[in-house]
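Enquirer:
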Amino acid sequence: MTELLGDETRTMIKLARAGVRLGGRRVFSDVELTVDRGQLVAVLGPNGAGKTTLMRVILGLVPLEAGSVTVLGRPPTQARPAIGYLPQRRSFDSTTRIRGVDLVRLGLDGARWGIPIPITTAARVRRRAETTRVNEVIQLVGATGFARRAIGELSGGEQQRLLIAQALIRNPQLLILDEPLDSLDLPNQAAVAGLLRRICSTEDVSVLLVAHDVNPLLGSLDQVIYLAGGRARSGTVDEVITSSTLSDLYGAPIEVLQTTDGRLVVVGQPEAPHLHGHRHELVG
Numbered sequence: 009m010t011e012l013l014g015d016e017t018r019t020m021i022k023l024a025r026a027g028v029r030l031g032g033r034r035v036f037s038d039v040e041l042t043v044d045r046g047q048l049v050a051v052l053g054p055n056g057a058g059k060t061t062l063m064r065v066i067l068g069l070v071p072l073e074a075g076s077v078t079v080l081g082r083p084p085t086q087a088r089p090a091i092g093y094l095p096q097r098r099s100f101d102s103t104t105r106i107r108g109v110d111l112v113r114l115g116l117d118g119a120r121w122g123i124p125i126p127i128t129t130a131a132r133v134r135r136r137a138e139t140t141r142v143n144e145v146i147q148l149v150g151a152t153g154f155a156r157r158a159i160g161e162l163s164g165g166e167q168q169r170l171l172i173a174q175a176l177i178r179n180p181q182l183l184i185l186d187e188p189l190d191s192l193d194l195p196n197q198a199a200v201a202g203l204l205r206r207i208c209s210t211e212d213v214s215v216l217l218v219a220h221d222v223n224p225l226l227g228s229l230d231q232v233i234y235l236a237g238g239r240a241r242s243g244t245v246d247e248v249i250t251s252s253t254l255s256d257l258y259g260a261p262i263e264v265l266q267t268t269d270g271r272l273v274v275v276g277q278p279e280a281p282h283l284h285g286h287r288h289e290l291v292g
């Protein structure tokens, strides 16, 4: 299992006046963000605002032009072993026969290639421990009832639960998810949002996720960071998703409305197609 890093600190991610330039273009600057242990945080903003770039900075894959970033109190490259990462949702064809339980196990031994390890007593003990951990995370994400079915036979929500289990398999302190709700229907979006909240609470894991729609996450989030116009604002949903804050970020009049059922709707220019498309009231 992966050794946990920085267990003495409650601060999992710290960005101070962070700026990135890629290909001669400034992606964002002066970004401030603090994520504490056990928090669920959404990264929002229009397409091209730098949401994925921010994730890559935290993973140590993109250097900062200015400012600083620490993850688990260390440089990001040193913290990687304690980070679970789930990229944008993969599509499994209906003919994909690998079982869900085997997909989860790949998070432990998917990098093993070549001559099989001899079956020694130590190997058997390790294998039993790994099987126990696989069963633990499958139970944690509520996938016990379907984990032994072929992944191609499962619904999108069931597949996503197993992918989250795979990201959790090595006991990470920080979980980074790139659009985990994308392509899911509304009930599954709500279910996965509730699952992530429970993981934060019961496992003391911090979760940072990119989202296009904040509405399924309302009530679960500790804070959001909204990227637009090369800048960012972070805080609670009530602090950030406001007419004044978004108007300042976009440099244009933006109005945030709340429907009778509590959903948020953003109205205004620029980038109206990104702000509310056919699937989302509030798009990031």
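Under our numbering, the letters of the sequence shown match residues 9 to 292, in that order.
We put the beta carbon where it would ideally sit given N, CA and C, even for glycine.
Mapping the DSSP letters down to three states, classify I21 as helix, strand or coil.
Expert: Of the three classes helix, strand and coil, the one that applies to I21 here is strand, per DSSP.
Enquirer: Mark R135 as exposed unless 16 or more other C-beta atoms lie within 10 angstroms of its C-beta, in which case mark it buried.
Expert: Label assigned to R135: exposed.
Enquirer: Does DSSP put G53 in a helix, in a strand, or in coil?
Expert: Three-state result, G53: coil.
Enquirer: How big is the Cα-Cα spacing for A173 and L265?
Expert: Answer to the nearest angstrom: the Cα atoms are 36 Å apart.
Enquirer: Does DSSP classify I184 as helix, strand or coil?
Expert: Of the three classes helix, strand and coil, the one that applies to I184 here is strand, per DSSP.
Enquirer: To the nearest angstrom, how far is the alpha carbon of T79 from that of K22?
Expert: The amino acid at residue 79 is misidentified as Thr; the sequence shows Val. Rounded to whole angstroms, V79 to K22 spans 7 Å at the Cα level.
Enquirer: Compare the Cα-Cα distances from L94 to each of L272, R64, G243 and V109 and report the closest residue.
Expert: Of the candidates L272, R64, G243 and V109, the one whose C-alpha sits nearest the C-alpha of L94 is R64.
Enquirer: Among residues of its own chain, excluding the 5 on either side of R156, which ones have a beta-carbon nearer than 8 Å to its beta-carbon?
Expert: So the list reads R107, G108 and V109, once near-sequence residues are dropped.
Enquirer: Is the closest heavy atom of the ligand ADP to the C-beta of L254 under 7 Å?
Expert: The model depicted lacks the ligand ADP and carries no ligand whatsoever.
Enquirer: Got a sec? Which residues, its chain only, sit under 6 Å from T253 by beta carbon, not counting five neighbours each side?
Expert: The residues are R241.
Enquirer: Am I right that L170 and L111 are in contact with their C-beta atoms under 8 Å? What's the rounded C-beta distance?
Expert: That pair is a contact at about 6 Å.
Enquirer: Alpha carbons only, please: which of I91, Q167 and L257 is nearest the one belonging to G276?
Expert: Out of I91, Q167 and L257, L257 has the C-alpha closest to the C-alpha of G276.
Enquirer: Let me know the secondary structure DSSP gives S163 once reduced to three states.
Expert: Here S163 sits in coil by DSSP.
Enquirer: Ordered along the chain, which non-local residues of its own chain (more than five positions away) have a Cβ less than 6 Å from that of P295?
Expert: Because the chain spans 9 through 292 in this model, residue 295 falls outside it and cannot be assessed.
Enquirer: Apart from the five residues just before and just after D212, which ones in its own chain have a Cβ nearer than 7 Å to its Cβ?
Expert: Result list for D212: R45 and G46, in chain order.
Enquirer: Please report the straight-line C-alpha distance between L235 and T129, rounded to a whole angstrom.
Expert: C-alpha separation (whole angstroms): 52 Å.
Enquirer: Taking the alpha-carbon of T85 as reference, which of L72, R98, L67 and S76 has the nearest alpha-carbon?
Expert: Measuring from the Cα of T85, the nearest candidate turns out to be L67.
Enquirer: I'd like to know whether the C-beta of R241 is nearer than 8 Å to at least one C-beta of chain C.
Expert: In summary, chain C is missing from the structure at hand, where a single protein chain is found.
Enquirer: Could you give the first and the last residue of the continuous alpha helix (DSSP H) run that contains Q86?
Expert: Looking at the DSSP string, the run of the alpha helix (DSSP H) that includes Q86 is P84 to A87.
Enquirer: Is there contact here, the stretch 30-39 with the stretch 201-219, by at least three beta-carbon pairs under 8 Å?
Expert: No, because fewer than three Cβ pairs between the stretch 30-39 and the stretch 201-219 fall closer than 8 Å, the two stretches do not touch.
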